[in-house]
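Right, one structure below, let's go through it.
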Amino acid sequence: MKSRLLLNLLLIGVLALLGAYLFLNQESEIVKSDQLVDLDKNEIDRITIVRENSFEMDFKKNGITWTITKPFRARANSEVIKLVLDLAEAPIINEVNKSSEKFGFNPPQYTVILDQEIIKFGNINDVTNEQYLKVNERVFLTKTHHGY
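According to my numbering, the sequence shown is numbered sequentially starting from 3.
Next comes the structure, spelled out in structure tokens:
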């Protein structure tokens, strides 16, 4: 009886050590959430913002600074550019599989072009307070702060 008890305690100890080893040495997995566009925000060098097809602003990266090139030439505010570039890493909350006039893409409120990626801003969902965005004919919901 005593030998069984010792054997069971030894097995429990081995299992505890194995569990502790696996727990402490597990590699953390980097989980990349789905993003609106497949771009690195540090590699983007052109931005265009269009408001309801009536007003357009173009930005170009010169080294580490950004310049407004249209409708006039001036140095761009780096904080505003940073907010726009955050769109490249905006997570998708949900993809909407049906098309509707209620999403507000005819015409879109704003269109942001990051290099060649076109992001159209639609309405805000009244229930979830999330923004409808259209990228390559796919409609997504994302957080509203990207639209401000």
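Using N, Cα and C, we set each Cβ at its ideal position, and we do this for glycine too.
No experiment lies behind these values; they were computed from the predicted model shown.
Any C-beta of chain C sitting closer than 8 Å to the C-beta of Glu103? Although the question refers to chain C, the structure presented lacks it and comprises just one protein chain.
Using alpha carbons as the reference points, say which of Asn127, Ala78, Arg53 lies closest to Asp47. Ala78
Assigned exposure category for Glu29 - 16 Cβ within 10 Å defines buried: In this predicted model, Glu29 has a pLDDT of only 47, less than 50, meaning its place in the structure is not dependable enough to derive any value.
Who are the near neighbours of Glu139 in its chain, counting only those whose CB is closer than 7 Å to its CB and skipping five residues on each side? none
Is there contact here, the region 46-66 with the region 110-119, by at least three beta-carbon pairs under 8 Å? yes
Is the region 67-85 in contact with the region 125-141, if contact means three or more CB pairs nearer than 8 Å? no
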